[in-house]
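Enquirer: Protein sequence lines, in the order shown, are assigned to chains A and B. Residue numbering for the first sequence follows the numbering used here, starting at 60 and increasing by one per position. Residue numbering for the second sequence follows the numbering used here, starting at 25 and increasing by one per position.
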Amino acid sequence: MTWNWPYVAQIMPALLAGVWETFLVTVACAVIAIGGGLVLAVVSSLAGRPGRLAVRGVVELLRGVPILVVLYFGYYALPQLGVTLSAFFVGVLVLGVIYAAYCSEVYRGALLSIPAGTHDACAALGLSTVVTWRKVLIPLAVRRSVPALVNYVLVLYRQSAFLFAIGVPVLLARAQVAGDQSFRYLEPYTLTGVLYLTLNLPFVYLLHRHEARHAHIAV
Amino acid sequence: MRQLFPYLPALWNALGITVLIATLSILGAALTSVALGILRAARNSPARRVSAGTVEILRGASAIIYLFWIYYALPAVPGAPRLSPFAASVLVLSLTGGAYGAEIVRGGIQAVPHSQLDACHALGLSRRHTVLRVMLPQALSQIVPAFSSLAADMMKWTVIVSFVGVQDVFYVANTARAVTNRTVAIYLLLVVIYWLLCSCTSLIFRGIEYALPLSKARRASQAPSRSFSSTSATREPAVES
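1) Rounding to the nearest angstrom, what Cα-Cα distance links alanine 53(B) and glycine 122(B) in this structure?
2) Does DSSP put valine 229(A) in a helix, in a strand, or in coil?
3) How long is the line joining the alpha carbons of tyrosine 211(B) and leucine 140(A), rounded to whole angstroms?
4) Does any CB atom of chain B fall closer than 8 angstroms to the CB of valine 263(A)?
5) Compute the Euclidean distance between the alpha carbons of valine 278(A) and tyrosine 90(B), then round it to the nearest angstrom.
6) So, is the C-beta of glycine 84(B) closer than 8 angstroms to a C-beta in chain A?
7) Since valine 156(A) is in the alpha helix (DSSP H), which residue starts that stretch and which ends it?
8) Which chain B residues are close to tyrosine 66(A), counting only those with a beta carbon under 7 angstroms from its beta carbon?
9) Of the residues that make up the segment 186 to 198 of chain A, which ones have a beta carbon closer than 9 angstroms to any beta carbon in chain B?
10) Distance, Cα to Cα, valine 215(B) vs valine 128(A)?
11) Give the secondary structure of glutamate 260(B) by DSSP, where H, G and I count as helix, E and B as strand, and everything else as coil.
12) What residue from Ala241(B), Ser150(B), Val43(B) and Leu213(B) has the CA that sits closest to serine 113(B)'s CA?
13) Could you pull the start and end residues of the alpha helix (DSSP H) that aspartate 179(A) belongs to?
14) DSSP on tryptophan 36(B), reduced to helix/strand/coil?
15) Looking at the structure shown, is proline 99(B) part of a helix, part of a strand, or coil, going by DSSP?
16) Whose C-alpha, out of Phe221(A), Thr177(A), Val101(A) and Gln240(A), is nearest the C-alpha of isoleucine 70(A)?
17) Taking the alpha-carbon positions, what's the valine 102(A) to isoleucine 94(B) distance?
18) Per the contact definition of three or more C-beta pairs closer than 8 angstroms, is the segment 136 to 146 of chain B in contact with the segment 91 to 98 of chain A?
19) Consider the Cβ of alanine 277(A): report whether some Cβ of chain B lies at a distance smaller than 8 angstroms.
20) Just the Cα atoms here: how many angstroms apart are valine 158(B) and threonine 78(B)?
21) Does the CB of isoleucine 89(B) have a neighbour CB from chain A at under 8 angstroms?
22) Helix, strand or coil, according to DSSP, for alanine 271(A) in the structure here?
23) Please list, in chain order, all residues of the same chain as valine 196(B) whose beta carbon is under 6 angstroms from its beta carbon, the five residues on each side excluded.
24) Counting C-beta neighbours from all protein chains within 10 Å, is the total for asparagine 63(A) 16 or more, i.e. buried, or is it exposed?
25) Relative to the C-alpha of leucine 154(A), which residue among Val214(A), Thr257(A) and Thr251(A) is closest?
26) Which word fits serine 253(B), buried or exposed, when buried means at least 16 other C-beta atoms lie within 10 angstroms of its C-beta?
27) Tell me, please, whether the CB atom of tyrosine 124(B) is closer than 8 angstroms to any CB atom in chain A?
28) Mapping DSSP to helix, strand and coil, what is threonine 188(A)?
29) Taking 8 angstroms as the threshold (C-beta atoms), are tyrosine 166(A) and threonine 85(A) in contact?
30) When the cut-off is 8 angstroms and only beta carbons count, does asparagine 63(A) lie next to chain B?
31) Just curious, the alpha helix (DSSP H) that valine 90(A) is in, first and last residue?
32) In whole angstroms, what is the alpha-carbon distance linking glycine 189(B) and leucine 107(B)?
33) Is any beta-carbon of chain B found at less than 8 angstroms from that of glycine 252(A)?
34) Do isoleucine 88(B) and isoleucine 184(B) have their C-beta atoms within less than 8 angstroms of each other?
35) Does the distance from the C-beta atom of tyrosine 218(B) to that of proline 125(A) stay below 8 angstroms?
36) List the whole-angstrom C-beta distance separating methionine 178(B) from leucine 221(B), where the pair is believed to meet the contact cut-off of C-beta under 8 angstroms.
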């Protein structure tokens with residue numbers, strides 16, 4: 060069996076629709092992960108010992124279990140518990156929440172790297188807790204976290220392929236459908252691999268270059 | 025929960041498959057990491073570029089994309105082998121794990137200060153002695169802790185093998201779920217299983233770390249631990265769970 064161009068032309072629209080779906084999933088997950096991660100990090104710094112331990116427990120749990128286990132749990136168990144969501148929402152929610160746990164660690168590290176003098180300065184200026192966090196600590200922590208967060212968005216883009224398992228029509232799912240319909244797997248899977256790579260590598264390159272350029276600056 | 029009892033023997037066997045795949049993949053990844061990592065740190069620039077390219081490509085897409093390609097698409101290429109699900113799984117996990125490990129190995133090698141090589145040269149140590157007695161022990165004490173967390177991640181990556189029909193613990197658990205409909209219990213059980221597997225992996229690596237020459241030397245001297253340089257071999261946060 061060799062490469063068949065007419066077949067490629069026939070399946071390309073479906074694959075490109077899969078690229079678009081992958082893009083939507085990635086953006087939606089990134090919003091949940093980046094926003095939710097910040098909330099988790101701020102809550103665990105502001106809450107007392109019990110709150111901090113609870114957040115740590117959830118974060119460790121989410122990071123310690125394969126994504127697919129959480130994904131299937133969301134897809135099969137939530138309806139039994141009385142929550143019915145579409146596969147797209149389950150997928151986005153699960154992936155977003157898992158990476159919120161990863162992102163919260165990034166923010167936590169950034170918050171810890173803010174010198175104690177900054178807290179003292181805010182106290183000396185008589186800033187309220189809300190203003191200290193909203194105007195000083197969170198902006199500083201977010202600025203320091205950007206490269207790691209961008210990296211996680213790229214990871215999310217790659218991991219979104221897993222959503223094929225619950226039937227979200229991401230790129231990998233489109234390839235699977237095309238292959239199963241025609242019993243030709245070479246073209247769909249090769250194109251899928253090439254598409255995943257070519258859409259990812261430029262961003263990876265830019266991120267690496269940014270990191271190399273700013274490596275010497277203590278961000 | 026009682027409905028799940030008949031499935032426990034099958035789950036136990038499947039756990040063996042998961043552990044086997046993970047062990048072989050982690051060993052394969054260690055070999056791949058060393059090979060790619062040494063090339064990555066090489067002075068020869070074509071070798072470095074080839075290795076860097078391989079690492080970026082292997083990390084550039086999810087392991088499941090490569091698994092599907094090797095399993096479904098590769099046999100259609102004239103002259104290419106048709107791998108069994110098991111072999112394809114171990115191959116893909118070893119290569120993708122090795123791509124992440126290569127950065128760890130490179131970081132470990134580069135964390136040994138260049139001045140030490142100069143010192144070895146000045147002392148007239150042979151190249152073999154320099155590498156085996158000076159560089160390797162120091163590099164390993166950076167590499168092993170970072171590789172430990174990669175190995176724990178790889179334990180979680182093994183779930184993808186169920187999609188090409190390897191009957192690992194995730195595969196059997198899903199079958200049990202489809203028959204018994206005890207969804208919550210099954211997935212909670214899986215959470216516990218994978219958490220235990222990751223913890224065991226970390227423990228094993230803790231043991232390896234304890235047995236490293238530099239750890240022994242540190243214990244012998246009772247000196248407080250110190251790092252060699254700020255460029256430690258910690259992985260960039262590209263961890264995929």
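Ideal Cβ positions, reconstructed from N, Cα and C, are used throughout, including at glycine. Bear in mind that the values here come from a model prediction, so they are computed numbers and not experimental data.
Expert: Based on what the coordinates show:
1) The count along the second sequence starts at 1 and reaches residue 53(B) at position 29. The count along the second sequence starts at 1 and reaches residue 122(B) at position 98. Approximately 4 angstroms between the Cα atoms of the pair.
2) For the purposes of this step, residue 229(A) is taken as residue 170 along the first sequence, with counting starting at 1. It is coil, neither helix nor strand.
3) Locating residue 211(B) in the second sequence gives position 187, counting from the first residue. Locating residue 140(A) in the first sequence gives position 81, counting from the first residue. Approximately 14 angstroms between the Cα atoms of the pair.
4) Taking the first residue of the first sequence as position 1, residue 263(A) is located at position 204. Yes, its Cβ sits closer than 8 angstroms to a Cβ of chain B.
5) Indexing the first sequence from 1 puts residue 278(A) at position 219. Indexing the second sequence from 1 puts residue 90(B) at position 66. Its pLDDT being 39, under 50, valine 278(A) is placed unreliably in this model, and the coordinates cannot settle the point.
6) On the second sequence, residue 84(B) is found 60 positions in, with the first residue counted as 1. For glycine 84(B), the answer is yes, since a Cβ of chain A falls inside 8 angstroms of its Cβ.
7) Position 97 of the first sequence, counted from the first residue, corresponds to residue 156(A). Where valine 156(A) is concerned, the enclosing alpha helix (DSSP H) stretches over 146 to 172.
8) As a first step, residue 66(A) is located in the first sequence; it is residue number 7 there, counting from the start. Per Cβ cutoff of 7 angstroms: no residues; tyrosine 66(A) is ~12 angstroms from chain B at best.
9) none
10) Locating residue 215(B) in the second sequence gives position 191, where the first residue counts as 1. Locating residue 128(A) in the first sequence gives position 69, where the first residue counts as 1. The straight-line gap from Cα to Cα measures roughly 7 angstroms.
11) Locating residue 260(B) in the second sequence gives position 236, counting from the first residue. Residue confidence for glutamate 260(B) is low, a pLDDT of 47 falling below 50, so the modelled location carries little weight and cannot support an answer.
12) Position 89 of the second sequence, counted from the start, is the residue given in the question as residue 113(B). Taking only the C-alpha atoms, the option nearest serine 113(B) is Val43(B).
13) Working through the first sequence from its first residue, we reach residue 179(A) at position 120. First-last of the alpha helix (DSSP H) with aspartate 179(A): 175 to 183.
14) Sequence index remark: in the second sequence, residue 36(B) carries index 12 (1-based). Residue state, collapsed to three classes: helix.
15) If you number the second sequence from 1, residue 99(B) lands on position 75. Three-state DSSP puts proline 99(B) in a helix.
16) For the purposes of this step, residue 70(A) is taken as residue 11 along the first sequence, with counting starting at 1. With distances taken between Cα atoms, isoleucine 70(A) lies closest to Gln240(A).
17) To locate residue 102(A), count along the first sequence from 1; it is residue 43. To locate residue 94(B), count along the second sequence from 1; it is residue 70. The straight-line gap from Cα to Cα measures roughly 44 angstroms.
18) No: fewer than three Cβ pairs fall under 8 angstroms.
19) Working through the first sequence from its first residue, we reach residue 277(A) at position 218. Low per-residue confidence applies at alanine 277(A): pLDDT is 44, beneath 50, and the placement is therefore not dependable enough to give any value.
20) Locating residue 158(B) in the second sequence gives position 134, where the first residue counts as 1. Locating residue 78(B) in the second sequence gives position 54, where the first residue counts as 1. Approximately 29 angstroms between the Cα atoms of the pair.
21) Start at 1 with the first residue of the second sequence, and residue 89(B) comes out as number 65. So, interface residue.
22) Residue mapping note: residue 271(A) aligns to position 212 of the first sequence, counting from 1. The DSSP-derived three-state label of alanine 271(A) is helix.
23) What you label residue 196(B) is simply residue 172 of the second sequence in a count that begins at 1. Ala34, Leu35 and Ala38.
24) Counting from 1 along the first sequence, the entry for residue 63(A) is found at position 4. Exposed, by the Cβ-count rule.
25) Working through the first sequence from its first residue, we reach residue 154(A) at position 95. For leucine 154(A), the closest alpha carbon among the candidates Val214(A), Thr257(A) and Thr251(A) is that of Val214(A).
26) Residue 253(B) sits at position 229 when you count from the first residue of the second sequence. At serine 253(B), the pLDDT of 49 sits below 50, so the modelled position is not reliable; the number obtained from the coordinates is stated separately. Classification for serine 253(B): exposed.
27) As a working mapping, residue 124(B) is identified with position 100 in the second sequence. No, because no Cβ of chain A sits closer than 8 angstroms to the Cβ of tyrosine 124(B).
28) In the first sequence, the residue the question calls residue 188(A) occupies position 129. If DSSP states are grouped into helix, strand and coil, threonine 188(A) belongs with the helices.
29) Walking along the first sequence from the start, residue 85(A) turns up at place 26. Walking along the first sequence from the start, residue 166(A) turns up at place 107. Result no, Cβ atoms of threonine 85(A) and tyrosine 166(A) do not sit closer than 8 angstroms.
30) Residue numbering aside, residue 63(A) sits at position 4 when the first sequence is read from its first letter. It does not: the Cβ of asparagine 63(A) has no partner Cβ on chain B nearer than 8 angstroms.
31) Here residue 90(A) refers to the residue found at position 31 of the first sequence. From DSSP, the alpha helix (DSSP H) with valine 90(A) extends over 64 to 105.
32) Counting from 1 along the second sequence, the entry for residue 189(B) is found at position 165. Counting from 1 along the second sequence, the entry for residue 107(B) is found at position 83. So the two alpha carbons sit approximately 12 angstroms from each other.
33) Here the question's residue 252(A) lines up with position 193 in the first sequence. Chain B contact via Cβ: present.
34) Position 64 of the second sequence holds residue 88(B). Position 160 of the second sequence holds residue 184(B). Result yes, Cβ atoms of isoleucine 88(B) and isoleucine 184(B) sit closer than 8 angstroms.
35) Working through the second sequence from its first residue, we reach residue 218(B) at position 194. Working through the first sequence from its first residue, we reach residue 125(A) at position 66. Yes; because the gap between Cβ atoms is below 8 angstroms, this pair is in contact.
36) Walking along the second sequence from the start, residue 178(B) turns up at place 154. Walking along the second sequence from the start, residue 221(B) turns up at place 197. About 10 angstroms separates the two Cβ atoms, so there is no contact after all.
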